[in-house]
Every structure is written in C-alpha cells, then in structure tokens.
Amino acid sequence: MSNEVLNEDYEIFFFADANLESYYEENPIFIYREDNFIQFELLNSFLVSSASENEARNGMIQCGNELSYFLKLSKDITEIPNNLDNHQFKYMLILLKFLKAVENKNFFEFYQALICQYFFHQNDGARRNEYFDFEKIFNSNFLTRIDFSIKKNIFSTFLNSYMINYEFHNGNLILFENSRKFYDVALFDENIPFKNLLITDFRVFCILENILKDTNTRKIFKLLLNETNIKSLIINSYKGCEIFDRNLHFFILSIHTFKSIVMANFIKFSLFFISKLKAVFELNIEYLSLKNIVVSKSILGLFLKKGGLKGLVLYNVNIMEHYGFTDVYSASNETLHFIDFKNVFIGVNRWNNFFSSANVSKIILLFRSIIAEEYFLQEFKNLNRKMNVVYFKAQFCFRKISKSFIKCLNNFEHLKTLKLKGNLTVEKDKLYLCQVIENMKKLKYLEICQLSYEFESFSLLLKFSKIKALHLENIFFDNDTLLVSLFENNRFLIKLVLKKITISQLCLEEIFKLENLKILKLQFCTIKPNINCANINFNSKNINYLNLDGTSLEEIKNFNIFSQLDSLEYIYLWKCNYLLVNLSMFSFLCNLKLKIISYEYNDLYFNDLNRIKKIEVLEELILCGCKFNDCSFCNLGNDCGFFNSLVNLNLSFVRIKIEDLIYLKNFKNLTKISIELDDLNLNIAKFIFVSLPIIQIVTNFVTEDINYNEICRYLNEKNIEIF
C-alpha cells in the first residue's frame, strides 16, 4: 500500500508493510516516535495499528530530496535554519501536508518559527534580490495543494510579525486597534461573493498604512489576500478620527486585488476618503457600498459612468450638492446584479434610466421620504418589460399602493422572494394581489407587512402553493385581524412568522401539523379563547427557533410544547406568565443544542436556574428585567455547563449582588455584558471586568460621582467600551 504526493520535482511515497530488511542500519537517520515535537496523523495511525496487532510493522518513506533533513526539523524546533530559502520552505510545507501534521500547540509554535525565519530571510536587504521568489511560490500551482488552514496560518504569522491584532471569522479577516475585538457583522454583505478584509476603525487604517509603506510587504500582503480569496475591502470609521493626516498615501488601494469596496460611517473627512477612491477607477471594481457617508455627485458619477458594477449599495448617503441622484447617469445598468438602496433620494430620471435597461436579479429598497417613494412608484408602474428579478423587497412610508403597482409585479415572473412592508393595499385590490402572487410559480418566500389587514384572502393561495417561508404582520394590532384557516394541506412551510394577529383554534391546529417547520415566531399575537387542547396534535417537533415574545399563552396552558422541542437552539420569551411557561419546562435533549435564551421581564426561581445550568453550549443569555425570587444569578452554581461557551450576558434592570459580580469570573469567554452598577459594587466590578475578555459593557447607571468617572477612564484604557 502506498500514498504519494507529486508537485513538480517534489515527490513523497509512503509504503506500509514494506520489506525493509535490506534497509536496516545501526544508526538510522531518523526515527519517528510518539514524542516527536510535530505529530503526524499518517505516522501515528501506523504506530497505533502496529501496537494493536502486537507485532512490529515496517514502513518506509521514500522521496527525491533529502527528506531526513526536514524530518529532523520536526523533532527539534531550534534546528530551523536562520537562512531558510524558498526550496526549504516549499518542501517543508509539502511535508506538513502529506504526513498530515496535527494542529496542536507545538504545531503552531513550529509553524510560526518556520514562517518568521522565512520572512526574515526574504526581507534581508542584502539578499532580497537574490532570493526573493515568494511571488513565484504563490503564482505557481504549488499552493493549490496546500489546505486553507495552512494558508491561514501563513497569514496569521505574517500579521503576528507586525503585531497586528486580528481575527478570522468565517474566512473574513478583521483587523483591530487592540486586543479587545469588537466589530459589526452587519458590514459583511451576503450579496458580495468574496471574503472581506474589515478595517474596524480609522486608527487601524493608519497602522496598516504604515506597514504597507514597504513595497515588498505590500506584495506579500497582496499574495496572501489572493490565496485566501479576500477580495472585498471594508473601511469602517465608527469612532471617527481625532488626528487626521491628509498626506496619507492610501497604500491599501494600490493593492490591485479588490473587487469590492465598502466605506462606512465616515462622519468626518468622508469627502476626502471618497476622493481617494479615484485611485481604484482603473481597477475592475464590481461591488461598491457606501453607508452613512457624504459624497459629492461628481465622484459618485465617475463610478456609475465607468460601468461594470455588479452590485451597488447605498445606505443613508447624502449628496453634498443637495440634489440627490436626480440626474446621475449609470453605465452599469446592464451589468448590475443587485441594488440595495436605503434612505437615498433618487430622482425620476435615474429611475427611468434604471428600469429601461437594468438586468438586476435582486432589488432591495427602503424609503424614508414620501417624495423619494413617489419618484420610484412613478417609474415602476411604467415598467412594461419582463425582468429576471428573483428577489424584491420594498419598505414604503405607509402609503396606498395602486393596482398599477401590483400589476407591474407580473413582470417578475421568476420571483423567488417577495417582501412588501409598510404599504396599504386597497380593499378591492387584495384579491388581485393574491392572483399576481399565485402566478409566481417559483415563489418560496412571501412577506406581507400592512397597517391593519385581513390575511384570509391568502388562504386559498397558501393551501396549494410551495411557499417555504411566510411572514404576515400587522404594523398595529387589530383584534379584528383573525387567522381562521390558512395552512391546511401545506407541507412545504419551513419558516412561519405571525405578528400582531389573532389566531383561531383551527389555525393553531394547522400550524402544529406542519412537520417540516423549523422556525416559528408568534409575536404579540392573541390566541382566541376556548381553545380545546385535546384536539391539537403537535407534529412540529423539528422547530429549532421559537419566538413567543408578547404572545399570551393562557388559552393553551394545558398544552406544553416546550418539553416536545428536542432540537431547540434559539428561544425568545418576553413577559410570559410564569405559570404558563418557564425555563424549567425545556426538554433535556436540547442541552447540547441551545445557543440563545432570551427570557426578558419574567420571574426566575431555583428550579429555572437548576434547569438551564445543564445547558452546555449556551452563547447568549438575556435575562433583562427578570425578577429573581428567593435566588440570585450566582445560584447557577459551580457546575454550570456554559462557563466556557457564554459570550453575551444581559442582566439589565436586574438587581445584582456582590456575590453575582464575583460569580461572573467563571465565564472565561464573556465578551459583552449588560449590567446594573451602583456605587457599592463599582470597584469590585472594575477588577472583575478587567480579568475577563470583555470588550463592551452596557449599563444604565448614570452618576456624576468622581469615582465612577475614574473607573470608566480606567476601563477605557483597558480597551473596554462603556455604553
């Protein structure tokens, strides 16, 4: 039996059960044992199988290079040479991959030493021209054979060498000013098909600029970005900047690898930053996102006239000329795949230009101005051609939508997702809207949010549709909005959201018959009285997300669904009657699944704490406004199962004792806490917070006390933000 890896001149063969009698030597070059500094899965499995069979087995590794030298390196980290060249570096990576190095503490220590020596050698000014072939390694097919984890380790070592604070999140690279890591995941756009480099603040931007001054460093940084598919640049400035250097060269923009640019939250100096985007006009930027920013019409016009954009995102973008996008022409209409406009003033001419030539597949719109909304509707109702739109979401300013608007939805015959929020449909047009939706044969997700609306007209439509997600909502609660029968014979629903709606017995029975249902939200709903629980058959046992915020469960108090939800991962309960629902009711089979418990403004007793402490993977615990009866938070005890998993704890408006503060030290990975503080426990809290990896504290405690202000400054110096 043999395994092999081939790469240009590099060959490695491993033979198990080989006849090696002629190869035995009194002083072997290398012997692999269980205590080798670097452990290899391939060799470990061979040792284990040999031991289990109670007899020695022979194995041989054969290669075309001096493998023994590199195997010796795996025994002793101090043997890594100071002048590591490309050949040695490349071969060592192949060895680590082929023999399946175990990624433990020793591995990362060895790896960091290997990479650091290599980078040091390449950056030796006297040898740079002679030895620098780093680009050749990355531009060849060599790294296609290297796992992503190894590439990420190379990147990590590079960043560590410059003492940059960073984190990888789902393949995205986030850079921080300090070790307290806080960032907004909403900046990652699912519509952009690349991984992101997120610069969390202006100060981080300046740190990176200083590092990238060196041309060679920029080359390495670019190559590492390419190998990890990071082609989207996000520059955030939520803190702003106190000291601003207008002589910044923006080296990051000279790295011609980005296909997407996102600039967000530039309250100051946004015009200067935007003007620097001219540097990327020659690049093939495919996605442009501007969020909470001021921009000149001329600069934005340059982007739109250039063409080639596939995605355009504009959130709260103010045009400094105060005319909005009234006459900004776009040459990208034919290439755009999606647009996402929120609170942006766009004129009639711009919409006319868009609808006459655009081929977008996704449209997301949110209006905060009646005039801006009117301009859109004026041109939308004139649409007289088919469009390949598969996703359409529009949130209006509570205005009446005409029949002509509904008619134009027929042009989206390939629609899979339809979301209409805040619009009023005239009574006589309700059936027509249902007919239009019924013609959308590919529709899978339907969301209708109205001021106050009877949804029964959707009954016939939903009984025979293949809609998988349904969201029906009244903006204001209306007792007359009653769901009687809506889900009969529907076998496809996976997600159901009902808000501010009155639910009948028949409707409730149909909901609980949905066998494929995974997400159920009944928020601020009313269940009609006199429900006969004996007639309810609960088949929705696959629910993993349950939200019953504000919904009275009085009418189904004899029907405990919580004990039947074995797959529950997320639970949200707000102002529930303790006798009707409490934490002690949860199924014990979800102990290894529950990640979020939101239990706000409810009563808590010992039996609740004894129940939830058995959960082992809890990441968020929200107990805002809860009343602890004859118990306290610290009564979770020393055997609480989520000491190592909890990252977010909300105890806002909860009376906290000193014992509770001390108990917080058990949560080793807690990064965010919302808590009530007072003069009596401030000093204790200070030392506890610093001992934990907390990056954000939210408190309602406000005082002019000098001690409190000093503690706040102290925590800020420790990179802990207080809100």
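Final position of the sequence shown in the numbering used here is 725; the numbers increase by one with none missing.
Beta carbons are placed, not taken as given, at the ideal position from N, Cα and C, and that holds for glycine.
In this text, all values refer to a predicted model and were calculated from it rather than measured experimentally.
Have a look at Asn-286, Val-206, Phe-223, Lys-77 and flag the residue whose alpha-carbon is nearest the alpha-carbon of Asn-238.
-> Val-206
Own chain partners of Ile-617 with C-beta closer than 7 Å, once the 5 adjacent residues on each side are dropped = Asn-593, Leu-596, Gly-643, Phe-644
8 Å Cβ cutoff met for Lys-364 and Phe-340 = yes
CB-CB under 7 Å to Ser-24, same chain, minus the five flanking residues each way: which ones, in chain order?
-> Note on Ser-24: pLDDT 48, under 50, position unreliable in the model; the coordinate value appears next. Excluding sequence neighbours, Ser-24 sits near nothing in its chain.
Is there at least one non-hydrogen atom of the ligand MN closer than 7 Å to the beta-carbon of Ile-450?
-> In the structure on display, the ligand MN does not appear, and there are no ligands present to speak of.
Can you tell me the Cβ-Cβ gap for Ser-647 and Glu-621, rounded? I've got them flagged as a contact below 8 Å.
-> 6 Å
With a Cβ-Cβ cutoff of 8 Å, do Phe-470 and Lys-432 count as a contact?
-> Per the sequence shown, residue 470 should be read as Lys rather than Phe. Not in contact: Lys-470 and Lys-432 (Cβ atoms no closer than 8 Å).
For Lys-153, does the three-state DSSP call read helix, strand or coil?
-> helix
Can you tell me which of the three DSSP states Gly-313 falls into?
-> strand
Mind pulling the beta strand (DSSP E) runs of 3 or more residues that sit fully within the stretch 638-711?
-> 650-653, 674-677, 698-700
Over the uninterrupted alpha helix (DSSP H) stretch that includes Ile-373, give me the two end residues.
-> 372-382
Helix, strand or coil for Tyr-164 per DSSP?
-> coil
Give the single residue among Leu-498, Phe-494, Asp-191, Leu-570 whose Cα lies nearest to the Cα of Leu-472.
-> Leu-498
Return the CA-CA distance between Tyr-665 and Ser-589, expressed in angstroms with no decimal places.
-> 26 Å
Specify the secondary structure class of Leu-516 as computed by DSSP and reduced to three states.
-> coil
Can you say whether Ser-300 is buried or exposed, counting buried as having 16 or more other CB atoms within 10 angstroms of its CB?
-> exposed
Exposed or buried, what is Arg-130 when buried is set at 16 or more other beta-carbons lying within 10 Å of its beta-carbon?
-> Note on Arg-130: pLDDT 49, under 50, position unreliable in the model; no value is reported.
Assign Ala-188 to buried or exposed, taking buried as 16 or more other Cβ atoms, counted over all protein chains shown, within 10 Å of its Cβ.
-> exposed
So what's Leu-524 in DSSP terms, helix, strand or just coil?
-> strand
Evaluate the contact criterion for the stretch 403-412 versus the stretch 367-377: three or more CB pairs, one atom per stretch, below 8 Å.
-> no
Flag this pair as touching only if the stretch 305-320 and the stretch 209-219 have three or more C-beta atom pairs under 8 Å; answer yes or no.
-> no
Check Gln-41 in the structure and name its three-state DSSP category.
-> coil
Distance, Ile-573 Cα to Phe-725 Cα = 26 Å
Would you please state the rounded distance, in angstroms, between the beta carbons of Tyr-603 and Cys-628? I believe it to be under 8 Å.
-> 7 Å
Please list, in chain order, all residues of the same chain as Thr-259 whose beta carbon is under 7 Å from its beta carbon, the five residues on each side excluded.
-> Lys-224, Leu-227, Asn-228, Lys-233
Are Leu-651 and Ile-690 closer than 8 Å when you measure CB to CB?
-> no
Return the first residue and the last residue of the beta strand (DSSP E) that Lys-293 is part of.
-> 289-297
Residue interval of the beta strand (DSSP E) (run including Lys-1) = One cannot answer for residue 1 here, as it falls past the ends of the chain, which runs 3 to 725.
Answer yes or no: do Glu-336 and Leu-311 have a C-beta to C-beta separation smaller than 8 Å?
-> no
For the stretch 589-640, list the beta strand (DSSP E) runs that are entirely contained and at least 3 residues long, ordered along the chain.
-> 598-602, 622-624
Using the beta-carbon count (16 or more within 10 Å), is Thr-80 buried or exposed?
-> exposed
Beta-bridge pairing of Thr-419 - partner residues as DSSP gives them = Tyr-393, Tyr-447
Can you name, in chain order, every residue of its own chain whose Cβ lies under 7 Å from the Cβ of Asn-584, other than the five neighbours on each side?
-> Asp-610
For the putative contact between Phe-394 and Leu-417, defined by C-beta atoms under 8 Å, what is the C-beta separation to the nearest angstrom?
-> 6 Å
Would you kindly check if the distance between the Cβ of Thr-230 and the Cβ of Lys-197 is under 8 Å?
-> yes
Neighbour-count burial assignment, Asp-641, 16 or more Cβ in a 10 Å radius | exposed
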